[in-house]
Amino acid sequence: MQSRVLGDPQAQKPVPPEHQHTVPDPDLLGSIVEKYRPDMALYEAFYRQVHQDPEISGMEAKTASIVASHLERLGFEVHTGIGGHGVAGVYRNGHGKTLLMRAELDALPILEQTDVPYKSTKRMIDRYGNERPVMHACGHDMNMATLLAALDLLRAAADRWSGTVIALFQPDEEETGGAQAMVDDGLYSKVPVPDLMLGQHVVPSRAGTVAIRSGPILVAADSANVRIVGGPCPGVNPQLCVDPIGLAMSIIPTLEDAVHQEIGPHADATVACWGFHAGIPGNDYVAYADFLLDIKTVEPDIRQRALSVIEARIREECKKANVPEDPVVNFTVRAPLTSNDALISGPVSQVFRNHFKEDAVEMKFTRACEDFSTLGSSHNVPYAYWNFGGSQETAGDIPTNHSPFFAPAVQPTLQVGADAMALAALTFLSQILRRRIERTMSNPGATAQLLMLGPVHHAKAEFEQLTKEFKTIHLTSGTREQFLDDCANGGVYDGVVAISRTADSAAFTGLFDAELITRLPSSVKFISHNGAGYDQINVPECTKRGIQVSNTPDVVNDATADTALLLLLAALRKAWIPQSTIRRGTWDQGRPMGRDPAGLTLGVLGLGGIGVATAKRAAAFGMKIQYHNRSPRGDLAEHFAAGPSPQYVGFEELLRTSDVVSVHLPLSPATRHTIGAKEIDMMKQDVVIINTARGPVIDEEALVQGLDSGKVWSAGLDVFEKEPEVHPGLLGNNNVILLPHIGTATVDTRKRMEILVVDNVRSALSQGKLLTQVSEQRSGRAQ
Numbered sequence: 000m001q002s003r004v005l006g007d008p009q010a011q012k013p014v015p016p017e018h019q020h021t022v023p024d025p026d027l028l029g030s031i032v033e034k035y036r037p038d039m040a041l042y043e044a045f046y047r048q049v050h051q052d053p054e055i056s057g058m059e060a061k062t063a064s065i066v067a068s069h070l071e072r073l074g075f076e077v078h079t080g081i082g083g084h085g086v087a088g089v090y091r092n093g094h095g096k097t098l099l100m101r102a103e104l105d106a107l108p109i110l111e112q113t114d115v116p117y118k119s120t121k122r123m124i125d126r127y128g129n130e131r132p133v134m135h136a137c138g139h140d141m142n143m144a145t146l147l148a149a150l151d152l153l154r155a156a157a158d159r160w161s162g163t164v165i166a167l168f169q170p171d172e173e174e175t176g177g178a179q180a181m182v183d184d185g186l187y188s189k190v191p192v193p194d195l196m197l198g199q200h201v202v203p204s205r206a207g208t209v210a211i212r213s214g215p216i217l218v219a220a221d222s223a224n225v226r227i228v229g230g231p232c233p234g235v236n237p238q239l240c241v242d243p244i245g246l247a248m249s250i251i252p253t254l255e256d257a258v259h260q261e262i263g264p265h266a267d268a269t270v271a272c273w274g275f276h277a278g279i280p281g282n283d284y285v286a287y288a289d290f291l292l293d294i295k296t297v298e299p300d301i302r303q304r305a306l307s308v309i310e311a312r313i314r315e316e317c318k319k320a321n322v323p324e325d326p327v328v329n330f331t332v333r334a335p336l337t338s339n340d341a342l343i344s345g346p347v348s349q350v351f352r353n354h355f356k357e358d359a360v361e362m363k364f365t366r367a368c369e370d371f372s373t374l375g376s377s378h379n380v381p382y383a384y385w386n387f388g389g390s391q392e393t394a395g396d397i398p399t400n401h402s403p404f405f406a407p408a409v410q411p412t413l414q415v416g417a418d419a420m421a422l423a424a425l426t427f428l429s430q431i432l433r434r435r436i437e438r439t440m441s442n443p444g445a446t447a448q449l450l451m452l453g454p455v456h457h458a459k460a461e462f463e464q465l466t467k468e469f470k471t472i473h474l475t476s477g478t479r480e481q482f483l484d485d486c487a488n489g490g491v492y493d494g495v496v497a498i499s500r501t502a503d504s505a506a507f508t509g510l511f512d513a514e515l516i517t518r519l520p521s522s523v524k525f526i527s528h529n530g531a532g533y534d535q536i537n538v539p540e541c542t543k544r545g546i547q548v549s550n551t552p553d554v555v556n557d558a559t560a561d562t563a564l565l566l567l568l569a570a571l572r573k574a575w576i577p578q579s580t581i582r583r584g585t586w587d588q589g590r591p592m593g594r595d596p597a598g599l600t601l602g603v604l605g606l607g608g609i610g611v612a613t614a615k616r617a618a619a620f621g622m623k624i625q626y627h628n629r630s631p632r633g634d635l636a637e638h639f640a641a642g643p644s645p646q647y648v649g650f651e652e653l654l655r656t657s658d659v660v661s662v663h664l665p666l667s668p669a670t671r672h673t674i675g676a677k678e679i680d681m682m683k684q685d686v687v688i689i690n691t692a693r694g695p696v697i698d699e700e701a702l703v704q705g706l707d708s709g710k711v712w713s714a715g716l717d718v719f720e721k722e723p724e725v726h727p728g729l730l731g732n733n734n735v736i737l738l739p740h741i742g743t744a745t746v747d748t749r750k751r752m753e754i755l756v757v758d759n760v761r762s763a764l765s766q767g768k769l770l771t772q773v774s775e776q777r778s779g780r781a782q
């Protein structure tokens, strides 16, 4: 892995916390790991052996041979010599998912300066003919050891899972060429194409910890080899020459600024010079200057624009200097963006939290780069990649990766890394087994009253008490098809009366649409949904089936209103722009003049509980409040006793007269694209738009056009039309603040939401009614 220096957390496109994915029965996975964990002494010896005898990138023959021997011992079908010294092992264990697990073979040309007794003193000739010291300064020796130990565990526990495991040991990762070389050399003609991939890396955080998150985690990296030609020049008349050294040195420092000037200060792009060479010894003039640029980006559109800006700036400056030949600018992709797929990293994250407790933490975005994702890009294979700690006491007590002093503590680093990899694999491989076990039991769900779909994070004691009162079964289905099958008469869930669900459970069941509702067991009478929004549930179909549906209103009001106000104030001041400049050390650049909230008119579109809470907060900042609902509210005086109540206006009047429009509508077919191009055109010039409701209520394409045209001053969005995807025109726009659906993301609010779910289920099963039945059913509008 290249340069593991930590960077600032970046904007990402994760599934929001309430959408993070669940896996069934995570405790079972932990018990499998505890029971079948191999003797770690064998893998400690492997680690020390490989650490003491490292091999440089592209020269990993001996390491590959050792790894292949271990795979053969474990019963894997072994393929060697792929893309150089790459090794791939296949272990087939019945029907199920095909999963690829990867580690790296190569070391670095660094002189080791640790004091461990197994330190490397090795030197070898690299592929370029240079003699170099060699050290496992990045931790690939630990990555290999943990993967082999995890494979040993899976082999021993083969009767507890089903599927195919591919163990891949990649050469040449440090120069980010090995993954592509293996693919180009026919990797997938030798092993099956996987359904998903898993990878991990040791880092200098506290040993015993694991860190993962969804979305971007490592940057994309490109190289640019540039040559500026000065041409033949007599040394006695330097004034007649183009000095390629001076010209190159004047261009290089301007390139990163050029990118930010062209794309905007928010652009996450860095440009650095990694090498420079000019002239030939003995010549009395310098004919050319060569330099190597390292360009790192996060967003694909910014990457492409950054490369174009860099090339254009180099050519422009050379033209101004009357360089006799056009500069040569050749770009090479070193590593693609590494961005965890939430459908993979979400379940893994939950299993880690369950097993490692407080030692499972959120991974920080770093400016390191990796070619791991290249292994799956040709077949669009989703993946999860995480870090595990190697520091003996606290983070930072060993130097970072690529340091000559990098030496992870052997334990607990090795065991935790092996456990993490095995747990992640079992998360996906054990599902079929669990369903088989459930079916061979005497239908354990037949007398269960409650089916729980989704994890509990904050109200665990309350849910535990609930399960003591009512027999409970947890989700055992791994796919929608399996879930529908298990809902059939005599199936796993037959007899269930109430379902407790979270939005994340849709990863396994799919949406609660008409098809699913009609196939639920006839015994189901209640669905208690954890969330204020419930657009994943077809309420009219539930009503036809006689199923009552509840959500968690009111308890989310304050947290969501706080988020709306945060976005409102930030959008008025465009606060993200000066923040980005100060992080880049340019104090006096990019400080826009904002607008005061006092005296502005806030138009609240949808004055429900969240809308009222938002209006009250905005009124405290001196804003005039108006609103639009289907009909005026008659109870506002009690909510606004300290000041004037919001004024009811028509929809079009609200659009025409509001300085700020804040959207608080539930999502339904009737409210989809309530704000589109026509509506934005009605709004005031320099309007500010805030959305903390649901993304599809606003037509994002129309919003982007409004921002680009200058009609919309700025926007603040916590929700998006196609979450977790975000419209590229929003990501690249400097007049919008984006949050990854964190409206209710406070510990206190989430706990209150979970407790309300418990209360709804208890009331349903004991009294036959839900406490917070959705409004459509209460009013009869869902018929």
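Counted from 1, the sequence shown has number 649 at position 650 by numbering that gives the first Met the number 0; the numbering is strictly sequential.
Just so you know, even glycine gets a beta-carbon here, dropped at the ideal spot from N, CA and C.
Within its chain, find whatever has a CB closer than 6 angstroms to the CB of residue i; leave out the 5 residues flanking it on each side and keep chain order.
i: S774; result: none
i: A558; result: T743, T745, T748
i: E437; result: Because the pLDDT at E437 is just 42, under 50, the model does not fix this residue reliably, and the point stays unresolved.
i: G278; result: V285
i: A155; result: Y35
i: R352; result: A359
i: N442; result: Its pLDDT being 40, under 50, N442 is placed unreliably in this model, and the coordinates cannot settle the point.
i: D512; result: N537
i: L738; result: D717
Which same chain residues, not among the five before or five after residue i, have their C-beta less than 7 angstroms away from its C-beta?
i: V496; result: Q448, S522, V523, K524, F525, L764
i: Y46; result: D140, M141, A144, V409, L413
i: G598; result: G621
i: Q704; result: A676
i: P37; result: A148, D151, L152, A155
i: V332; result: D221
i: A178; result: Q169, D370, F371, T373, L374
From which residue to which residue does the alpha helix (DSSP H) around residue i run?
i: T373; result: 373-376
i: F330; result: It is not in any alpha helix (DSSP H) - F330 instead sits in the beta strand (DSSP E) that spans 327-334.
i: A421; result: 412-428
i: D256; result: 254-262
i: S579; result: 575-582
i: Y46; result: 39-51
i: H276; result: Premise fails: H276 lies in the beta strand (DSSP E), 268-277, not in any alpha helix (DSSP H).
Between which two residues does the beta strand (DSSP E) harbouring residue i extend?
i: P215; result: 214-217
i: P132; result: 130-132
i: G593; result: Here G593 belongs to no beta strand (DSSP E), and DSSP marks it neither H nor E.
i: S549; result: 547-549
i: N321; result: That residue, N321, is in no beta strand (DSSP E); it is neither H nor E in DSSP.
i: D289; result: 287-296
i: Y90; result: 85-92
For residue i, which residues of its own chain have a beta-carbon under 8 angstroms away from its beta-carbon, when the five flanking residues on both sides are left out?
i: L770; result: S549, L755, D758, N759, S762
i: A445; result: Since pLDDT at A445 reaches only 41, below the 50 mark, its modelled position is unreliable, and the value read off the structure follows with that caveat. Closer than 8 angstroms at the Cβ level, and outside the excluded window around A445, lie D493, G494.
i: L98; result: G162, T163, V164, I165, P193, D194, L195, M196, L197, A424, F427, L428
If contacts are defined as beta-carbon pairs under 8 angstroms, then residue i and residue j qualify, I think. What distance do you get, rounded to the angstrom?
i: T517; j: E480; result: Going by Cβ atoms, the distance from T517 to E480 rounds to 15 angstroms, so no, they are not a contact pair.
i: V455; j: E753; result: 6 angstroms
Practice problem: Starting from the N-terminal side, write out each stretch of the beta strand (DSSP E) that is 3 residues or longer and does not extend beyond the region 712-774. | Solution: Listed in chain order, they are 735-737.
Quiz item: Taking one C-beta from the region 102-122 and one from the region 375-385 each time, how about it: are there three or more such pairs within less than 8 angstroms?
Solution: Contact fails between the region 102-122 and the region 375-385, because fewer than three Cβ pairs, one in each stretch, are under 8 angstroms apart.
Quiz item: Do the region 652-666 and the region 525-534 touch if we need at least three Cβ pairs shorter than 8 angstroms?
Solution: Touching, yes, given that three or more Cβ pairs across the two stretches are closer than 8 angstroms.
Quiz item: Per the contact definition of three or more C-beta pairs closer than 8 angstroms, is the region 741-750 in contact with the region 499-509?
Solution: Contact between the region 499-509 and the region 741-750 is absent, because fewer than three Cβ pairs lie under 8 angstroms.
Quiz item: Does the region 75-95 touch the region 179-188, meaning 3 or more C-beta pairs lie closer than 8 angstroms?
Solution: Between the region 179-188 and the region 75-95, the count of C-beta pairs closer than 8 angstroms reaches three or more; the two stretches touch.
Quiz item: Does the region 407-418 touch the region 460-477, meaning 3 or more C-beta pairs lie closer than 8 angstroms?
Solution: Fewer than three Cβ pairs drawn from the region 460-477 and the region 407-418 lie within less than 8 angstroms of each other, which leaves the two stretches out of contact.
Quiz item: With contact counted as at least three CB pairs below 8 angstroms, one residue from each stretch, are the region 336-345 and the region 209-224 in contact?
Solution: With the cut-off at 8 angstroms, the region 336-345 and the region 209-224 touch.
Quiz prompt | Unbroken stretches of the alpha helix (DSSP H), 4 residues or longer, contained in the region 657-684 | solution = Taken in chain order, the whole alpha helix (DSSP H) runs of length 4 or more contained in the region 657-684 are 676-681.
Quiz item: Do the region 627-640 and the region 673-687 make contact, defined as three or more Cβ pairs closer than 8 angstroms?
Solution: As far as the Cβ criterion goes, the region 627-640 does not touch the region 673-687, which means the pair count is below three.
Exercise. State whether the region 293-309 contacts the region 721-733, with contact taken as three or more CB pairs (one from each stretch) at a distance under 8 angstroms.
Key: Counting Cβ pairs under 8 angstroms, three or more are found: they touch.
Quiz item: Taking contact to mean at least 3 C-beta pairs separated by less than 8 angstroms, is the region 163-172 in contact with the region 345-363?
Solution: Contact fails: fewer than three Cβ-Cβ distances are below 8 angstroms.
Exercise. Report the residue ranges of all beta strand (DSSP E) runs contained in full by the region 441-474; include only those spanning at least 3 residues, in chain order.
Key: Complete beta strand (DSSP E) runs here, min 3: 449-452, 471-473.
Exercise. Flag this pair as touching only if the region 396-405 and the region 316-332 have three or more C-beta atom pairs under 8 angstroms; answer yes or no.
Key: Touching, no, given that fewer than three Cβ pairs across the two stretches are closer than 8 angstroms.
Self-check item: Cβ contact check for the region 263-276 and the region 238-255: 3 or more pairs under 8 angstroms
Solution: With a cut-off of 8 angstroms, the region 238-255 and the region 263-276 count as touching, because enough Cβ pairs lie within range.
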